[in-house]
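Read through the structure below, which is laid out as structure tokens, and then see the notes.
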Amino acid sequence: MRRLRLIWWLLVPSPLLACKCQMSLSVCHEFAVSGAVFIGTVESVTPAFLDRWNPAQRPSLPQLNEAEARYHQDPSPASLGALKDTFRKIFPDLPPDYQQRLQAAGTPAQLNSLFDSVLNHGKQVRFLVRTVFRGGDDDDDKADPKKDGKKDDDQDGKQAAGKKDGDKPRFFDVYTPFGDCGYDFQQGETYLVYADDDEETNILETSRCSRTNRVTDAGADLAYLYFLQNSAEASGRFEGFVTTNPYYQVEIDHLHDPEKISSPVSGAVLELQSGGRARYAATDPDGRFVFDGLATGEYQVAAYESGYPEHVRLLQGPARVRIDTKSCANRIILAPPAVVGH
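And the structure:
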């Protein structure tokens with residue numbers, strides 16, 4: 100039964116396993132609580148055996164079970180040695196302390212304990228750093244890179260392509276859990292990574308519950324991060340929803356920033372005015388709107404029905420909204436029940 104349990108965890112495709120996240124945050128809030136935010140290309144995943152995309156994973160599983168079954172049939176030192184050799188073959192990149200535990204193991208129970216430790220430790224993913232948005236010791240705009248789990252204090256966080264002034268490439272080591280909440284990174288793929296900086300262990304960690312994503316799929320986040328890094332004087336974001344649901348406040352979950360809202364108004368036109376100038380944005384099918392690259396100051400926001408400015412029907416506003424430097428403002432706008440585009 101023990102072996103069947105281990106095999107089940109390793110064979111079930113991770114999308115079928117439900118990871119229950121305690122929180123889900125917007126890009127603004129995720130950035131604020133992350134120890135490091137960067138773009139990087141995956142160089143390696145270790146142990147390679149835990150890499151879901153590693154084709155060598157599948158044939159290795161039966162080998163481990165077969166070796167353990169042979170030991171139970173013939174519990175001799177030779178069978179135990181063969182089982183440990185199989186373990187070494189499957190985990191050729193074990194850390195030194197794990198190799199010592201493997202060498203000292205005298206029973207299958209000790210090997211099973213080591214196996215569990217490997218799973219609990221998770222996967223170490225090494226990234227070639229392309230761009231760093233956050234993670235420094237001095238301020239939020241510098242890197243807090245990790246190499247072998249330790250900080251490298253002389254690195255500048257705004258250099259691209261993993262280099263600083265032509266020096267050697269920089270790498271961040273990030274850990275992610277094995278199992279349903281771990282992120283399935285692929286070697287050679289480039290990601291936008293949000294990582295927590297563990298103060299006790301001094302390592303970076305990420306999971307599916309963060310906003311970590313392929314750069315290809317992270318467009319909305321990249322817009323906010325671009326202005327945050329390149330235009331400090333105009334780095335604010337204003338976002339929200341337009342809805343016809345008068346009871347939308349009942350649905351608000353303060354642990355989960357909404358990605359959608361009930362009774363959305365799509366195609367509504369938002370007008371954001373400040374200093375005699377106005378900017379406009381239309382809501383998407385989920386009723387969501389976003390303004391990026393906003394300077395600090397007072398604004399007036401108004402919502403119009405789809406078709407504005409040729410067709411003028413005010414849905415709500417104007418109302419005052421305050422934008423602060425490197426921050427986000429949120430607003431849910433209630434529109435009348437009968438709205439074109441709803």
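Per the numbering used here, numbering through the sequence shown is continuous, rising by one, with the last residue being 441.
C-beta: ideal position from N, C-alpha, C; glycine also.
**Study point:** Pairwise C-alpha distance: residue 229 and residue 328
**Key:** 14 Å
Exercise for review: Mind checking which residues open and close the alpha helix (DSSP H) that includes residue 200?
Suggested key: 195 to 203
**Study point:** Local conformation of residue 346 per DSSP, three classes
**Key:** coil
Review point. Residue 358: which of 374, 385, 348, 349 sits nearest, CA to CA?
Key: 385
Exercise for review: Kindly indicate which three-state DSSP category residue 430 falls into: helix, strand or coil?
Suggested key: strand
Exercise for review: Would you check if the segment 368 to 383 and the segment 316 to 324 touch, i.e. whether three or more CB-CB distances between them fall below 8 Å?
Suggested key: no
Exercise for review: From the DSSP output, in three-state form, read off residue 372 for me.
Suggested key: strand
Review point. Taking the continuous beta strand (DSSP E) assigned at residue 230, which residues delimit it?
Key: 222 to 233
Review point. Using DSSP with H/G/I as helix, E/B as strand and the rest coil, what is residue 417?
Key: strand
Review point. Out of curiosity, what's the CA-to-CA distance linking residue 119 and residue 173?
Key: 42 Å
Practice item. Would you mind stating whether residue 185 and residue 202 have Cβ atoms separated by less than 8 Å? Key: no
Review point. Do the segment 385 to 403 and the segment 417 to 432 meet, that is, are 3 or more Cβ pairs less than 8 Å apart?
Key: yes
**Study point:** Residue range of the alpha helix (DSSP H) that includes residue 360
**Key:** That residue, residue 360, is in no alpha helix (DSSP H); it is neither H nor E in DSSP.
Review point. What did DSSP end up calling residue 301 once you bin it into helix, strand or coil?
Key: coil
Check your understanding: Taking C-beta to C-beta, are residue 142 and residue 225 nearer than 8 Å?
Key -> yes
Point to revise | Nearest to residue 127 (by Cα), restricted to the options 405, 350, 322, 362 | key: 322
Review point. Can you tell which of 325, 334, 333, 367 has the C-alpha that lies nearest to the C-alpha of residue 342?
Key: 367
Exercise for review: Work out the CA separation of residue 178 and residue 310 for me, nearest whole Å.
Suggested key: 46 Å
Check your understanding: When the Cα atoms are used, what is the spatial distance from residue 205 to residue 223?
Key -> 28 Å
**Study point:** Own chain partners of residue 387 with C-beta closer than 6 Å, once the 5 adjacent residues on each side are dropped
**Key:** 340
Check your understanding: Taking the alpha helix (DSSP H) that residue 314 falls in, what are its first and last residues?
Key -> Run containing residue 314: none; DSSP gives neither H nor E here.
Review point. Whose C-beta lies closer than 8 Å to the C-beta of residue 345 among residues of the same chain, with five residues either side of it excluded?
Key: 433
Practice item. Check each candidate in 304, 139, 285, 198 and name the one with the smallest Cα separation from residue 232. Key: 139
Practice item. Out of 267, 208, 276, state which residue places its alpha-carbon closest to the alpha-carbon of residue 220. Key: 276
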